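Heads up: the structure comes next, in structure tokens.
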Amino acid sequence: MTGKFDNAIISQVQQANDIVDVVSEHVNLVKKGRELVGVCPFHSDHRPSMYVSPVKQIFKCFACGAGGDVFKFIQMRENLTFPQAVERLAEKVGIKLKPIKYTGKGQKSVPDVDPNQLARVNEWAAKYFQANLKDKQKGKAARDYVAERQINQESVDKWRIGLAIGGGNDLVNAAAKKNIPMDLLGKAGLVVGGQSDYKDKFINRLMFTITDVTGRVIGFGGRTLDNAPAKYMNSPATVLFDKSNSMYGLEQGRLSMVSTGQAVVVEGYTDVIMAHQAGCNNVIATLGTSFTAGHGRILRRYAKNIVILFDNDVAGNEAANRALEVCLSQHIDIKLATVPQGKDPCDFVLASGREEFEKVISSATDVFRFKWDRLKDNFENDQTLAGNKAAIEEFLQTIAVAISSGKLPAIDRGLIVNRLSRVIGLNTKQINSELDKRIARSVSSAAGIVNSKVVSADLGKGLYATAQREILEVLLNESRFFDSIKEKFSVEIFDVPVLRQIAEILFEKYSQQRDVTLAAVLSATESAQLSSCIVMLAEAGEEKGNYKKMLNGAIEVVEKQLEKNKVVQPVNIEEQTMFLKSITNNAGKDNRHNVGMV
Numbered sequence: 042m043t044g045k046f047d048n049a050i051i052s053q054v055q056q057a058n059d060i061v062d063v064v065s066e067h068v069n070l071v072k073k074g075r076e077l078v079g080v081c082p083f084h085s086d087h088r089p090s091m092y093v094s095p096v097k098q099i100f101k102c103f104a105c106g107a108g109g110d111v112f113k114f115i116q117m118r119e120n121l122t123f124p125q126a127v128e129r130l131a132e133k134v135g136i137k138l139k140p141i142k143y144t145g146k147g148q149k150s151v152p153d154v155d156p157n158q159l160a161r162v163n164e165w166a167a168k169y170f171q172a173n174l175k176d177k178q179k180g181k182a183a184r185d186y187v188a189e190r191q192i193n194q195e196s197v198d199k200w201r202i203g204l205a206i207g208g209g210n211d212l213v214n215a216a217a218k219k220n221i222p223m224d225l226l227g228k229a230g231l232v233v234g235g236q237s238d239y240k241d242k243f244i245n246r247l248m249f250t251i252t253d254v255t256g257r258v259i260g261f262g263g264r265t266l267d268n269a270p271a272k273y274m275n276s277p278a279t280v281l282f283d284k285s286n287s288m289y290g291l292e293q294g295r296l297s298m299v300s301t302g303q304a305v306v307v308e309g310y311t312d313v314i315m316a317h318q319a320g321c322n323n324v325i326a327t328l329g330t331s332f333t334a335g336h337g338r339i340l341r342r343y344a345k346n347i348v349i350l351f352d353n354d355v356a357g358n359e360a361a362n363r364a365l366e367v368c369l370s371q372h373i374d375i376k377l378a379t380v381p382q383g384k385d386p387c388d389f390v391l392a393s394g395r396e397e398f399e400k401v402i403s404s405a406t407d408v409f410r411f412k413w414d415r416l417k418d419n420f421e422n423d424q425t426l427a428g429n430k431a432a433i434e435e436f437l438q439t440i441a442v443a444i445s446s447g448k449l450p451a452i453d454r455g456l457i458v459n460r461l462s463r464v465i466g467l468n469t470k471q472i473n474s475e476l477d478k479r480i481a482r483s484v485s486s487a488a489g490i491v492n493s494k495v496v497s498a499d500l501g502k503g504l505y506a507t508a509q510r511e512i513l514e515v516l517l518n519e520s521r522f523f524d525s526i527k528e529k530f531s532v533e534i535f536d537v538p539v540l541r542q543i544a545e546i547l548f549e550k551y552s553q554q555r556d557v558t559l560a561a562v563l564s565a566t567e568s569a570q571l572s573s574c575i576v577m578l579a580e581a582g583e584e585k586g587n588y589k590k591m592l593n594g595a596i597e598v599v600e601k602q603l604e605k606n607k608v609v610q611p612v613n614i615e616e617q618t619m620f621l622k623s624i625t626n627n628a629g630k631d632n633r634h635n636v637g638m639v
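FYI, the numbering for the sequence shown is 42 to 639, going by this note's numbering.
Set out below in structure tokens:
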């Protein structure tokens with residue numbers, strides 16, 4: 042159960058999880074001096090703007106402001122509460138937790154479904170499906186099908202392939218024997234129905250286990266073994282699983298994608314499995330949905346370029362065309378490969394082997410060549426005005442996106458415009474005018490992106506607020522100055538709410554010990570926003586340096602402000618607020634007694 046944990050166990054979990062290792066599971070990091078840099082996953086980052094410090098054990102994005110320790114990264118990355126992030130990282134390193142439940146007024150609200158509980162029930166289901174496949178009697182027909190598809194036993198184990206037995210209540214009965222709550226199975230998308238009438242969702246299907254990049258089971262895909270109308274069926278959307286932001290094979294393909302700098306995207310489970318079985322380990326797949334911006338954001342963390350390898354048919358070409366548009370808008374280097382003779386990637390690998398498969402990948406078509414060929418084919422096969430106009434619109438839009446994302450140099454633009462002019466009969470000036478309109482719309486759209494995960498905090502304005510910030514900047518970098526601060530002031534001098542919270546953490550930490558690390562301060566806060574503020578203040582203080590001089594100046598400002606307002610450390614913020622209200626009511630517009638409002 043999610044709960045509040047003792048500080049000692051939180052510190053133990055924090056120290057057992059190196060932030061570089063944890064962040065590297067989500068972001069491709071590159072060494073830069075004493076730090077590592079990577080593309081920030083918390084905003085639409087086109088250049089690596091997130092820094093990870095192995096010494097300080099923190100991350101910091103200098104574009105969107107996200108920052109914190111290993112707990113805050115997992116909180117923000119997986120949309121977890123602080124206790125859930127502690128549980129997640131403890132489970133990762135094998136530390137057993139004993140939670141202290143929240144009680145009373147300070148109780149924290151948590152989501153209806155704990156992602157860690159869903160992950161555990163999914164893990165149980167994956168093992169259950171695998172046991173079914175291995176069962177001599179239950180799994181015989183399914184094993185025969187697997188053998189027919191030439192999937193070897195090593196691949197069955199690597200990809201955790203299993204079997205959902207027919208009947209309708211096999212999984213339900215097995216879960217009941219283990220006292221697994223039916224509503225939890227329902228929230229995981231493993232059963233349907235309700236009350237006392239729960240039924241298995243997956244019936245008589247070969248089960249493909251879907252994991253995230255860390256190996257956590259987030260969902261399942263089932264391939265029918267009979268004549269069911271739906272050939273493939275995936276888990277429904279849950280707090281763990283979203284088809285638009287998940288891919289099959291990330292866990293198994295991540296290291297190869299990072300080392301080769303390339304990701305090959307296919308459409309099906311068996312396409313991925315057979316490619317890996319042949320030794321091509323940088324192949325992954327979408328999960329029955331079109332290639333989305335979410336997929337693009339995932340892949341650019343691990344690979345510099347992407348090759349789309351969809352089935353060589355009308356549907357496959359349309360899907361590849363949409364994927365190209367997404368990747369261009371995401372500033373991703375993208376190419377398109379096609380399997381010859383109309384085969385899908387799985388059949389081609391089986392028939393031709395690894396070497397021929399790699400030749401297909403290496404001969405992938407440049408995005409602009411693909412789009413140009415697509416335009417010419419349309420002009421040849423569709424003589425209608427509407428068809429030709431649609432084809433031109435699509436081509437112009439691709440070029441506009443490529444220009445605005447920096448993927449098309451000016452010289453190449455000129456060559457393409459001249460060539461297009463000869464084909465469609467418009468002069469180059471008209472074509473460039475149309476392009477400029479689309480480029481302007483593209484830039485305007487990009488500028489309107491709102492970051493929903495990183496929210497800036499109000500750190501106050503004016504000289505007094507600046508002095509408060511500088512005191513914290515010093516204390517976050519130099520513990521030896523704490524005594525001189527404590528002798529003069531208490532936390533009540535901090536009237537900016539965010540700064541007050543940080544001060545309370547620091548004063549508490551320094552009252553317990555003198556050698557307080559930034560990581561220790563960060564572990565004492567559950568708020569990702571507050572964590573980002575702490576990192577920002579620590580970085581600002583380190584950059585300024587000259588701590589003694591900065592601190593003396595800040596102390597002087599605070600003392601003058603307190604003297605001016607004739608207020609010495611009010612008991613608490615609530616009493617101070619009531620006091621100020623009474624003064625305001627009596628004095629009208631006279632604001633001379635307002636503390637901290639300079």
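No residue lacks a Cβ here, since even glycine has one placed at the ideal position from N, Cα and C. Note that the coordinates shown come from a computational prediction; the quantities given were computed from them, not determined experimentally.
Beta-carbon spacing of R410, A441 below 7 Å: By the CB criterion at 7 Å, R410 and A441 fall outside the cutoff.
Considering only residues of the same chain and omitting the five flanking positions on each side of Q191, which have a CB-CB separation below 7 Å? The answer, listed in chain order, is L391.
Straight-line gap, L426 to R342 (C-alpha atoms, nearest Å): 42 Å
Of the listed residues L603, E119 and V93, nearest to G108 (C-alpha basis): V93
Would you kindly report the start and end of the unbroken alpha helix (DSSP H) that includes G209? Run containing G209: none; DSSP gives neither H nor E here.
Going by CA-CA distance only, name the one from L266, K219, N220 and D211 that's closest to K242. D211
With 16 other CB atoms within 10 Å as the buried threshold, where does R651 fall? Because the chain here runs from 42 to 639, residue 651 falls outside it and cannot be looked at.
Neighbourhood of K630 by C-beta distance below 7 Å, restricted to the same chain and skipping five residues each side: Its pLDDT being 40, under 50, K630 is placed unreliably by the model, and the measurement read from it follows with that caveat. So no residue of the chain qualifies.
Does the Cβ-Cβ distance between A326 and Y289 come in under 7 Å? yes
Relative to the alpha-carbon of P156, which residue among N120, L138, D176 and L174 has its alpha-carbon at the smallest distance? Closest by alpha carbon: N120.
Which class does C102 belong to by DSSP, given the choice of helix, strand or coil? strand
Boundaries of the beta strand (DSSP E) in which M288 is found, first to last residue: Neither: M288 is in no beta strand (DSSP E) and is coded neither H nor E.
Range of the contiguous beta strand (DSSP E) that encloses D499: That residue, D499, is in no beta strand (DSSP E); it is neither H nor E in DSSP.
Should V64 and V127 be called a contact, given that it needs their Cβ atoms to be closer than 7 Å? The answer is no: Cβ separation not under 7 Å.
Who are the Cβ neighbours of K601 in its own chain at under 6 Å, not counting the five residues just before and after it? none
Taking 7 Å as the threshold (C-beta atoms), are F170 and G204 in contact? Reading off the sequence shown, one finds Leu at residue 204, where the question assumed Gly. Judged by beta-carbon spacing, F170 lies within the 7 Å limit of L204, meaning their Cβ atoms are closer than that value.
Minimum C-alpha distance to N163 - residue among G256, F46 and I206: G256
Going by the CB atoms, is the gap between Y588 and V515 shorter than 7 Å? A Cβ-Cβ contact shorter than 7 Å links V515 with Y588.
On a Cα-Cα basis, can you pick out the residue from N69, K97 and F83 that is closest to A560? When the alpha-carbon of A560 is set against those of N69, K97 and F83, the nearest one is in K97.
Step through the CB atoms of chain B and report whether any lies within less than 7 Å of the CB of R338. Among the chains of the structure shown, chain B does not appear; only one protein chain is present.
Roughly how many whole angstroms lie between the Cα atoms of I115 and V280? For I115 and V280, the distance between alpha carbons rounds to 15 Å.
Straight-line Cα distance separating A506 from H336: 43 Å
What would DSSP say about Q471, mapped onto helix, strand or coil? helix
Give me the Cα-Cα distance between E397 and M248, rounded to the nearest whole angstrom. 29 Å
Along the chain, which unbroken stretches of the beta strand (DSSP E) at least 3 residues long are found entirely within the segment 247-298? You should have 258-265 and 273-275.
Is A569 closer than 7 Å to K113 when the C-beta atoms are compared? yes
Comparing C-alpha positions only, which one of M298, L328 and L296 sits nearest to Y310? Checking every option, the nearest Cα to that of Y310 belongs to L328.
Looking only at its own chain, which residues have a Cβ that is under 7 Å from the Cβ of A57, when we skip the five neighbours before and after it? V134 and I136
Would you say N323 and V305 are within 7 Å of each other, going by their C-beta atoms? Taking the C-beta atoms as reference points, V305 is found nearer than 7 Å to N323.
Nonlocal neighbours in the same chain, by C-beta distance under 6 Å from S493, ignoring five residues either side: Any reading at S493 must be qualified, since the residue scores a pLDDT of 36, below 50, and its modelled position is unreliable; the value itself is stated next. No residues qualify anywhere along the chain.
Reference I546, options E528, I575 and E519, closest by Cα: That would be I575, whose Cα lies nearest to the Cα of I546.
What is the rounded straight-line gap between the Cα of Q617 and the Cα of F535? Summary for Q617: the model assigns pLDDT 45, below 50, so the residue's position carries little reliability, and this model does not support an answer.
Measuring CA to CA, which of T252, I202 and N48 is closest to E66? T252
Count the other CB atoms within 10 Å of the CB of D407; is the residue buried (16 or more) or exposed (fewer)? exposed
Closest by C-alpha distance to E189, when choosing among G394, D388, F83 and L456: D388
Using the C-alpha atoms, what's the distance from K590 back to E597? If I take the Cα positions, the gap works out to 11 Å.
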